[in-house]
Structures are given as C-alpha cells and as structure tokens.
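Colleague: Sharing a structure below in structure tokens format, with a few things to ask.
In our numbering, the protein residues as written are 6 to 89.
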C-alpha cells in the first residue's frame, strides 16, 4: 500500500544520501533502540533481556527470524541488520 511504497522511497533516498558504511547490524540495532528510547527488555520479539544483551555485546548473532521481526518493527530493510 501507500505506506509501504513511502517506506521504500524513504529507504532509497536515505541509502543514496546518507550511506552508513562500516556500520554493523548491531550498531544499527543500538542506534534504532536509542532513537526509539528502547531498553533491552523492550525487544521481546528477539528474546529475553539476556538474549538481547548477548546479541548487543557480540556473544550471539541475530537469526533470520529475529532480523525479520526487527526489520518489521522498525520499518527498515532486513539488510540493515546483516553484516557484509
């Protein structure tokens, strides 16, 4: 629908005008959490607070389901959370 098309256009504009090179998926997650005022226990879609902590500290990686759920929550491309 309209919102999805708008989201795609915004994503394309931002990737062209504000490239985020060198940022990891975890960096992106930390940034989005900060922008939305979220704490670790606010991300129940990726697991318990302990799981979120392990992910944020690099002791655990995001799986496909978690990436999909985070992309949906924040309205961003799943690629944001995937490291090159």
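All C-beta atoms in this analysis are idealised placements derived from N, C-alpha and C, irrespective of residue type, glycine included.
Work out the CA separation of residue 43 and residue 37 for me, nearest whole Å.
Modeller: Cα to Cα, residue 37 sits roughly 8 Å from residue 43.
Colleague: When you compare only the Cα positions, how much space is there between residue 68 and residue 55?
Modeller: Cα to Cα, residue 68 sits roughly 15 Å from residue 55.
Colleague: Which first and last residues belong to the alpha helix (DSSP H) in which residue 73 is found?
Modeller: 69-79 is the span of the alpha helix (DSSP H), which, as asked, contains residue 73.
Colleague: To the nearest whole angstrom, what separates the beta carbons of residue 82 and residue 16, a pair I think is in contact under 8 Å?
Modeller: Yes, they are in contact, since the Cβ atoms of residue 82 and residue 16 sit about 6 Å apart, within 8 Å.
Colleague: Going by DSSP, what residue range makes up the alpha helix (DSSP H) through residue 39?
Modeller: Note, residue 39: alpha helix (DSSP H), 30-40.
Colleague: Within the continuous alpha helix (DSSP H) that includes residue 60, where are the two ends?
Modeller: Residues 54-61.
Colleague: Buried or exposed: which applies to residue 13, given that a residue is buried once 16 or more other Cβ atoms fall within 10 Å of its Cβ?
Modeller: Classification for residue 13: exposed.
Colleague: Just verifying my parser: in three-state terms, what is the DSSP assignment at residue 82?
Modeller: In the structure shown, residue 82 sits in coil (DSSP, three-state: anything other than H, G, I, E or B).
Colleague: In three-state terms, what does DSSP make of residue 43?
Modeller: Of the three classes helix, strand and coil, the one that applies to residue 43 here is coil, per DSSP.
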